[in-house]
């Protein structure tokens with residue numbers, strides 16, 4: 001039996017498991033009720049939007065919730081003669097966590113030199129300074145209209161790790177590029193996003209600079225001073241163009257968040273370009 005779940009074209013196939021006809025008719029007459037129905041392992045789901053796993057699980061952490069100060073205070077209480085379980089209850093630290101750190105620091109006389117928090121950097125591939133250089137390089141490429149795609153960013157990360165003899169996962173070496181999960185977390189840490197840049201020819205990209213813009217406004221100011229009729233805006237026209245172009249459609253590139261526009265240099269010298277111009281002005285009379 002196939003049941004439409006009411007979400008797009010998603011379809012759910014449910015094994016009746018000996019239900020009578022009245023129950024089967026209920027499912028057909030109430031397709032949205034499938035969202036509250038618990039399925040077992042014998043029932044198959046095909047293209048159901050309700051059961052897609054997210055990339056990031058949004059749940060409360062179950063490990064690493066104890067602060068270093070609480071763990072250190074618990075170790076001090078144990079050294080003063082208190083039992084491990086009582087010290088764990090007093091400081092709000094899990095029993096196994098406090099026991100592990102107590103035996104880890106048993107031979108140390110100065111607890112200020114010990115670390116009482118998890119060291120997640122042991123599996124970190126790049127240091128903070130190396131990631132900062134990658135961030136600057138990706139941002140610089142995007143601002144120069146040569147933004148890197150996700151695949152190119154992963155290849156650059158692999159080449160950087162290889163040249164610096166950095167320990168990396170085996171999948172990086174096999175694929176000669178960084179993993180997708182690394183790129184996702186890198187973008188999250190450094191405030192990057194995947195953006196589709198606006199196609200822009202090399203001539204336009206090089207012509208739009210500070211000097212040319214200043215020259216335009218200086219000429220406009222001189223023109224208005226020579227002829228006051230231009231000052232009311234009725235003889236100033238704004239012209240824009242749209243075209244059927246052969247410039248290829250660029251892929252999404254990695255760019256920093258907050259940028260309103262990201263360009264991509266393309267080759268616009270091939271084929272015929274049909275341009276349509278629109279001009280408008282404002283008449284206050």
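In full-length UniProt numbering, the protein residues as written are 1 to 285.
By construction, the Cβ of each residue, glycine as well, lies at the ideal position given by its N, Cα and C atoms.
None of these values were measured; they are calculated from a predicted model.
Among the bridge pairs identified by DSSP, residue 281 is matched with none. If the five residues before and after residue 155 are omitted, its C-beta is found closer than 6 Å to the C-beta atoms of 177, all from its own chain and listed in chain order. Taking each of 130, 197, 145, 78 in turn and checking the Cα distance to residue 164, the smallest one comes out for 130. The alpha helix (DSSP H) runs lying completely inside the stretch 64 to 125 and spanning 4 residues or more are 68 to 79, 84 to 91, 95 to 104, given in chain order.
Residue 176 sits in coil when the DSSP states are folded into three classes, being neither helix nor strand. Its Cα nearest to that of residue 76, the residue 105 stands out among 105, 94, 65. Counting only the Cα atoms, residue 142 lies some 14 Å from residue 202.
By a beta-carbon distance limit of 8 Å, residue 197 does not contact residue 254. Their separation comes to about 11 Å.
The stretch 187 to 195 makes contact with the stretch 123 to 138, as at least three CB pairs between them are under 8 Å.
Bridge pairing for residue 250: absent [DSSP]. The criterion of a C-beta distance shorter than 8 Å is not satisfied by residue 138 and residue 205. Contact between the stretch 112 to 127 and the stretch 157 to 175 is present: 3 or more CB-CB pairs across the two stretches fall below 8 Å. Residue environment: residue 93 is assigned as buried (16 or more neighbouring CB atoms within 10 Å of its CB, all protein chains considered). C-alpha of residue 64 to C-alpha of residue 120: approximately 10 Å in a straight line. In the displayed model, residue 185 falls within a helix according to three-state DSSP.
With a cutoff of 8 Å on beta-carbon distance, residue 149 and residue 251 are scored as near each other. Taking C-alpha positions only, residue 256 is separated from residue 109 by approximately 47 Å. Here residue 116 is buried: its Cβ has 16 or more other Cβ atoms, across all protein chains shown, within 10 Å.
Check the Cα spacing between residue 103 and each of 278, 184, 72, 180: the tightest is with 72. The DSSP-derived three-state label of residue 206 is helix.
Here residue 216 is exposed. Its C-beta has fewer than 16 other C-beta atoms within 10 Å. In terms of Cβ geometry, residue 276 and residue 243 form a close pair [threshold 8 Å]. Nearest to residue 195 by alpha-carbon distance, out of 213, 170, 258, 241, is 258.
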